[in-house]
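Visitor: Handing you this structure, nothing more for now.
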Amino acid sequence: MLSRLLHSSRGIAAAVRPASARACSTLGEAGKVAVNGVNLHYLRNGSSGPPLVCLPGAMGTAETDFAPQLRSLSETMQVVSFDPRGYGQSRPPRRDFPVDFYQQDADDAAALMEALGYAEYNVIGWSDGAIAAVLLAAKQTKAVGKLVIFGGNAFFTQEDVEAYEATRDIEKTWSKRMKATHLPVYGDDLQPMWGAAIDAWTEIVKRGGEICVEEARGLGCPTLVLHGAKDPICYQSHAEWFRDNIPSAQLRVLPEGKHNVHLKFADEVNGMIRAFVEGREVPQPSPQQAK
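So for the sequence shown, my numbering puts the first residue at 553; every next one is plus one.
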């Protein structure tokens with residue numbers, strides 16, 4: 553699969569350019585593609601190497617969640633990310649959370665990559681995007697070569713919901729950095745949207761808590777699980793569950809990392825991702841990470 557990704561996809565990014573595409577000075581090409589009844593905003597950077605699609609987390613966009621990957625990994629890969637439906641510049645519609653919203657995000661990602669001309673690609677998912685990435689890899693077995701996930705869950709517990717509930721009040725509980733990232737995007741819509749997300753996670757627990765348990769256990773693609781040991785909302789037990797239940801999975805834990813491990817320690821995480829995609833041994837986290 554990797555050799556096909558390295559060779560058969562070269563030049564596709566240049567050949568397939570939606571009419572609404574435009575240059576974006578720091579993060580590559582920006583555009584919109586109509587898929588599954590919505591217009592998805594995407595960013596794409598890199599002209600050669602294996603295609604890689606990055607799935608953002610809750611409230612996230614391509615720019616807020618994967619800017620370091622779009623800048624750096626694009627040196628050797630064709631990196632795509634997007635604003636999931638209802639987030640960022642993929643509005644309208646306003647974001648809602650139907651029972652199958654994770655599968656919906658996975659299907660949107662697959663449709664986007666198809667629309668951009670990629671028949672085979674690797675996948676990165678963060679937080680909610682990690683869940684959607686597992687579902688994407690489980691369903692699109694011929695398309696997905698390798699999978700990298702961090703900050704996600706195969707199931708929710710009451711303890712998880714309590715951790716999310718503790719962050720419901722954005723003004724009182726969110727850091728200045730988080731508010732500075734998301735308030736310019738959503739304004740007054742952010743608080744009710746975040747509350748609706750927490751309500752959706754609570755409902756999942758009431759239905760038994762499973763999200764992608766069986767899909768994860770059935771994955772056939774090589775998988776790298778990353779985790780920040782100081783993540784306050786996604787506990788290490790979830791990363792260890794993925795390692796123990798996904799065939800051929802490996803885990804790297806960054807001791808000073810939190811939920812946004814790929815942003816705070818972008819250079820180190822990007823190095824791990826690059827090694828994994830290229831088939832080299834994934835380096836162990838460096839012992840001195842605190843900044």
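By construction, the Cβ of each residue, glycine as well, lies at the ideal position given by its N, Cα and C atoms.
These numbers come from a predicted model, not from an experiment.
(1) By Cβ distance below 7 Å, which residues in the same chain neighbour Glu682 in space, the five residues on each side in sequence not counted?
(2) Assuming Val675 is part of the alpha helix (DSSP H), what are its boundary residues?
(3) Quick one: any contact between the stretch 740 to 756 and the stretch 777 to 788, if contact means 3 or more CB pairs under 8 Å?
(4) Give the DSSP-derived three-state secondary structure of His734 in the structure shown.
(5) Could you tell me the alpha carbon to alpha carbon distance between Ala715 and Trp746, rounded to whole angstroms?
(6) Counting only C-beta atoms, is Leu688 closer than 8 Å to chain D at any point?
(7) In chain order, which beta strand (DSSP E) runs of at least 3 residues are fully inside the stretch 698 to 737?
(8) With DSSP run on the structure shown, which of helix, strand or coil describes Val757?
(9) List the residues that DSSP assigns as beta-bridge partners of Pro603.
(10) Am I right that Leu592 and Arg637 are in contact with their C-beta atoms under 8 Å? What's the rounded C-beta distance?
(11) If I'm right that Ala684 touches Asp657 with Cβ under 8 Å, what's the distance once you round it to whole angstroms?
(12) Which residues in the same chain as Trp726 place their Cβ atom closer than 7 Å to its Cβ, once the five residues preceding and following it in sequence are excluded?
(13) Tell me the residue span of the beta strand (DSSP E) that contains Ala818.
(14) Using 8 Å as the threshold, is the C-beta distance between Gln788 and Val805 below it?
(15) Reducing DSSP to helix, strand and coil, say where Ala685 ends up.
(16) Kindly list the residues whose CB is nearer than 8 Å to the CB of Phe653, restricted to its own chain and excluding five residues on each side of it in sequence; keep chain order.
(17) Can you check DSSP and say which residues form a bridge with Gln855?
(18) Give the secondary structure of Val651 by DSSP, where H, G and I count as helix, E and B as strand, and everything else as coil.
(19) When DSSP labels each residue in this structure, what does Ser838 get in the three-state scheme?
(20) In whole angstroms, what separates the C-alpha of Val696 from that of Leu687?
(21) Thinking just about the alpha-carbon of each residue, which of Gln710, Leu735, Val587 is nearest to the one in Glu755?
(22) Could you give the residue range of the alpha helix (DSSP H) that holds Ala791?
(23) Go through its chain and collect everything with a Cβ distance to Ser838's Cβ below 6 Å, but skip five positions before and after it.
(24) What are the boundary residues of the beta strand (DSSP E) that Arg596 is part of?
(25) Do Met521 and Val829 have their C-beta atoms closer together than 8 Å?
(26) In three-state DSSP terms, what is Ala663?
(27) Nearest-angstrom Cα distance between Gln802 and Ala667?
(28) Using 8 Å for Cβ pairs, my map puts Ala661 next to Val605. What's the rounded Cβ distance?
Guide: In terms of the structure at hand:
(1) The amino acid occupying residue 682 in the given sequence is Ala; Glu does not appear at that position. So the list reads Ile701, Phe702, Gly703, Gly704, once near-sequence residues are dropped.
(2) That residue, Val675, is in no alpha helix (DSSP H); its beta strand (DSSP E) goes 673 to 678.
(3) Here the stretch 740 to 756 makes no contact with the stretch 777 to 788; the two share fewer than three CB pairs at distances below 8 Å.
(4) helix
(5) 14 Å
(6) Reference to chain D is not applicable here, since this structure consists of a single protein chain.
(7) none
(8) helix
(9) Gln630
(10) 7 Å
(11) 4 Å
(12) Thr719
(13) Here Ala818 belongs to no beta strand (DSSP E); instead the alpha helix (DSSP H) covers 818 to 829.
(14) Yes, these two residues count as a Cβ contact at 8 Å.
(15) helix
(16) Ala752
(17) The structure shown does not extend to residue 855, since the chain is modelled only from 553 to 843, so the question has no answer here.
(18) coil
(19) coil
(20) 11 Å
(21) If we check each option's Cα against that of Glu755, Gln710 comes out closest.
(22) 788 to 797
(23) none
(24) 590 to 597
(25) Look at the range of the chain in this structure, 553 to 843, and you will see that residue 521 is not part of it.
(26) In the three-state reduction of the DSSP assignment, Ala663 falls in the helix class, which pools H, G and I.
(27) 31 Å
(28) 6 Å
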